[in-house]
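Numbering that gives the first Met the number 0 applies: residue 0 is where the sequence shown begins, and numbers increase by one.
Note sheet for the following structure.
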Amino acid sequence: MQHDNYVVDDMISAKAIAARVESMAVEIRETFSDTEKLIVIGLLRGSFMFIADLVRELDLPVEVDFLETSSYGDSTESSREVRILKDLRGEIEGKDILVVEDIVDTGHTLHHVLRLLESRKPARMLVCALLDKPSRREVDVKADLVGFEIEDKFVVGYGIDYAQRNRNLPYIGAVRFIGKHPANNGITASKIVS
Ligand code: IMP
Ligand code: MG
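Pasting the structure below:
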């Protein structure tokens, strides 16, 4: 797909995503097979498609809640400052929770969110992320369950955006800039995207 100054190269097909979501759901079902209620917490906005597909594969008593943190704005670089924009509606103390994130990149977002959720004392907490970019990590944080480990590329699709665009792609693609990158003072794309 071609945009003004970038193209999206295919990376993970819709079929491969569906298969992986199904196998992740099997692991989650096993972990929480004895739960009275599992609260599935989606981190907005990037996880909305993942959480929608994941809960349909979970044959468990689930509730769904959402948490929104500040995002990258329109840049592809992390601000490293995490703020809660929208908190959970429900209580999680003594409850089983599943945290659903789209991508773990530098790790700052997940680190901050997990500290916050842990302070509310859930009974059990499992963290799953569709994508992980381990080479980008700046803080020591890990999801218990990862869909796909990917290299250091900026990705879009399946709920994930670049400047709010491309969330509706049914697959995951990598952004490749052509010409100048607007957020990097005219440094050409080849220097930014490996
Ligand atoms: P972190 O705090 O650097 O780990 O970044 C976490 C958040 O940044 C993720 O939840 C995404 O919303 C966003 N993000 C990280 N990498 C990408 C990417 O490649 N494309 C789009 N958003 C990303
Ligand atoms: Mg996110």
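A virtual CB, placed ideally from N, CA and C, is assigned to each residue, including glycine.
Since the model is a prediction, treat every value here as computed from it, not as a measurement.
{"Asked": "Local Cβ density within 10 Å of Ser193, reported as buried at 16 or more and exposed below that", "Found": "Confidence is the limiting factor: at Ser193 the pLDDT is only 26, short of 50, which leaves the residue's position unreliable, though a coordinate-based value still follows. The residue is exposed, with fewer than 16 neighbouring Cβ atoms inside 10 Å."}
{"Asked": "Spatial distance of Cys127 from Lys14 (CA atoms)", "Found": "19 Å"}
{"Asked": "Three-state class that DSSP yields for Glu29 in the structure shown", "Found": "helix"}
{"Asked": "Straight-line Cα distance separating Asp8 from Gly156", "Found": "11 Å"}
{"Asked": "Inter-residue CB distance, Val39 and Ile50 (contact presumed, cutoff 8 Å)", "Found": "6 Å"}
{"Asked": "For Ser12, the nearest candidate out of Leu168, Gly93 and Arg88 (CA to CA)", "Found": "Leu168"}
{"Asked": "Rounded straight-line distance, which links the Cα of Phe47 to that of Gln163", "Found": "13 Å"}
{"Asked": "Cβ-heavy atom distance, Tyr5 to the ligand IMP, below 7 Å", "Found": "no"}
{"Asked": "Beta-bridge pairing of Met124 - partner residues as DSSP gives them", "Found": "Ile96"}
{"Asked": "Inter-residue spacing [alpha-carbon to alpha-carbon] between Ser69 and Glu90", "Found": "21 Å"}
{"Asked": "Environment of Asp101 [buried if 16+ CB atoms lie within 10 Å]", "Found": "buried"}
{"Asked": "Between the CA atoms of Tyr161 and Ile83 - distance to the nearest angstrom", "Found": "20 Å"}
{"Asked": "Alpha-carbon to alpha-carbon, Lys85 and Arg44", "Found": "11 Å"}
{"Asked": "Rounded separation between Ile159 and Lys141 - CA only", "Found": "20 Å"}
{"Asked": "Under the three-state DSSP convention, the category Asn184 falls into", "Found": "Note that Asn184 has pLDDT 43, beneath the 50 cutoff, so the model's placement of it is unreliable and no number is given."}
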